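Everything in the sequence shown is counted per the numbering used here, starting at 887 for the first residue and increasing by one.
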Amino acid sequence: VIYWIFCFCSLVCLITVAEFAEWLGLMHYMEVLMMITSIEYTAPISDENVTVTDTKFNNVPARLYMPRKQSSGLKRAVIYIHGGGWCVGGSAMEPYDLLSRWTANKLNAVVVSVEYRLAPMYHFPVQFEDVYTVVKFFLQNSVLVQYGVDPNRICISGDSAGGNLAAAVAQQLLDDLEVKVKLKIQALLYPALQTLDLDLPSYKDNENKPILPKSLMVRFWSEYFTTDVSLQEAMASNKHVPAESSHLFRFVNWSNLLPEKFKKDHVYASPIYGSSMLGKKYPGFLDPRAAPLLVEDTKLLGLPVTYVLTCQHDVLRDDGIMYVSRLREVGIEVIHDHIEDAIHGVLMFITSPTDLALGHRVANKYIEWLNINL
Ligand SMILES: *[C@@H]1O[C@H](CO)[C@@H](O)[C@H](O)[C@H]1NC(C)=O
Ligand SMILES: *[C@@H]1O[C@H](CO)[C@@H](O)[C@H](O)[C@H]1NC(C)=O
């Protein structure tokens, strides 16, 4: 209970400060959030197990974790994409840095944590393209040799907005004839996967839950595409999708894609369409590179074995669950870990002052899955 109160208070405080500063005309909301979260940034400090350096892959910054343990043979690799709503966060944030160290140490694997550019300075598709650039560069045989990585044992992983980017990149790689090396597994940790329906049962059940209330998620989504508030307002009332795109709703139809347990007493309502102007001005929100659930089943074929982590008290819960259903329907092997007592961002709670047993338990479970399957 104390942890919930703590999370909630710190979030409310954060949002209040951000709103106040924006109201005063001082700073953009996201800049304020960025400034506050940047307090958690750590330098690239090597320890007894892992050598840590900040580097660049094809001009995109990334933090690289190389295990020190001497071993014969090639190593495994994990490409990690941090969360933060495409607007905040970074690979150097303490919980991300720690998670990458644990992964490198436990798996004796090379970890590449991508430092993609953020909104509001940069909008879609910049975030996607930065991650894609690093992944494509890293997957070249000549580069893998340089880092001693086994081309058959590479994972892409990410949480929240990073899970979104990981899922999108894994899909787009399938059509890229220049990329010969295939990902062995993908791990999607409470990912955001669709922009169409922001009134899913999970959005309704968790509208005001820490650390990601619906209002903040709507803000993150709209900010990914534009700072123009008209998109944010349309998304907040779930009337942003133009009628011309009505065919896409079947990909996020929770009435078919959610198990009964998560539907509870919610009643499926047909979509309400918005103006076609928004779709024309900001086509990104209808693009599967931003919303990986919006692809045909045939585009899911060929995806690697997938781990999906979802949290019960999370607006994004149903995005993850619907992707589990869609992948399983086309025969992709999926391991779904659903954490009943967790809120969004549970893997962030592994450092003081929010160092929780639950965060450690979930992190260990995820890393153990990687260790066995990669
Ligand atoms: C190094 O690895 C060992 C064995 O896994 C672990 O006990 C130790 O805490 C690690 N050191 C650091 C600084 O993480
Ligand atoms: C969603 O699924 C329900 C139940 O199968 C169906 O009645 C409804 O027409 C579907 N809606 C869309 C937009 O696909």
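By construction, the Cβ of each residue, glycine as well, lies at the ideal position given by its N, Cα and C atoms.
Values in this document were obtained by computation on a predicted structure and should not be read as measured data.
Taking Cβ to Cβ, would you say residue i is nearer than 8 angstroms to residue j?
| i | j | result |
| --- | --- | --- |
| Trp972 | Ala948 | no |
| Asn944 | Val1031 | no |
| Arg1212 | Leu1179 | yes |
| Pro1087 | His1152 | yes |
| Leu984 | Ile1225 | no |
| Val1000 | Ile967 | yes |
| Gln1072 | Pro1174 | no |
| Gly1049 | Leu1075 | yes |
| Ala1053 | Leu1025 | no |
| Thr989 | Leu1256 | yes |
| Asn1027 | Val1201 | no |
| Leu1260 | Val1248 | no |
| Thr1285 | Met920 | This structure gives no information on residue 1285, because the portion of the chain shown stretches from 887 to 1260. |
| Gly969 | Ser1046 | yes |
| Leu1144 | Asp1204 | yes |
| Tyr1018 | Val1055 | yes |
| Val1127 | Leu1082 | yes |
| Glu926 | Glu980 | yes |
| Leu1172 | Ser1131 | yes |
| Leu1186 | Val1216 | yes |
| Tyr1154 | Thr1112 | no |
Would you please state the rounded distance, in angstroms, between the beta carbons of residue i and residue j? I believe it to be under 8 angstroms.
| i | j | result |
| --- | --- | --- |
| Lys992 | Ile1253 | 5 angstroms |
| Val998 | Lys961 | Not quite, the Cβ-Cβ distance comes to about 12 angstroms (not below 8 angstroms), so this is no contact. |
| Ile1229 | Pro1096 | 6 angstroms |
| His1009 | Tyr915 | Incorrect: roughly 15 angstroms between the Cβ atoms, too far for contact. |
| Thr928 | Ala963 | Actually they are not in contact, since the Cβ atoms of Thr928 and Ala963 sit about 22 angstroms apart, beyond 8 angstroms. |
| Leu1244 | Asp1223 | Leu1244 to Asp1223, Cβ: 13 angstroms. No contact. |
| Asp1016 | Tyr1033 | Contact flag wrong, Cβ pair sits at about 20 angstroms. |
| Asn1038 | Lys1070 | 6 angstroms |
Which of helix, strand or coil does DSSP assign to residue i?
| i | result |
| --- | --- |
| Tyr1154 | coil |
| Asp1205 | helix |
| Asn945 | coil |
| Ser1183 | This sequence places Asp at residue 1183; Ser is not what is there. Three-state result, Asp1183: helix. |
| His1126 | coil |
| Gly1034 | coil |
| Val1115 | helix |
| Glu1219 | coil |
| Arg1039 | strand |
| Glu934 | coil |
| Tyr1252 | helix |
| His1230 | coil |
| Ile1097 | coil |
| His1224 | strand |
| Tyr1193 | strand |
| His1246 | helix |
| Tyr927 | strand |
| His1133 | helix |
| Gly1165 | helix |
| Gly1188 | coil |
Taking 7 angstroms as the cut-off, does the CB of residue i come closer than this to any heavy atom belonging to ligand 4?
| i | result |
| --- | --- |
| Asp933 | As for ligand 4, it is missing from this structure, which binds only ligand 1 and ligand 2. |
message: If contact is defined by three or more beta carbon pairs under 8 angstroms, each pair taking one atom from either stretch, is the region 1179-1191 in contact with the region 1149-1163?
response: Judged by Cβ distances under 8 angstroms, the region 1149-1163 makes no contact with the region 1179-1191, as fewer than three pairs qualify.
task: Taking only runs that begin and end inside the region 1050-1094, name each unbroken alpha helix (DSSP H) of 4 or more residues, in chain order.
output: 1087-1091, all fully within the region 1050-1094.
message: Which complete alpha helix (DSSP H) runs does the region 948-1028 hold, if anything under 4 residues is left out?
response: Complete alpha helix (DSSP H) runs here, min 4: 980-993, 1012-1024.
task: Mind the definition here: the region 1234-1243 touches the region 1199-1211 only if three or more C-beta pairs lie below 8 angstroms; say whether that holds.
output: Short answer: they don't touch.
query: Taking three-plus beta-carbon pairs below 8 angstroms as touching, is the region 1144-1152 in contact with the region 1103-1114?
result: No, because fewer than three Cβ pairs between the region 1144-1152 and the region 1103-1114 fall closer than 8 angstroms, the two stretches do not touch.
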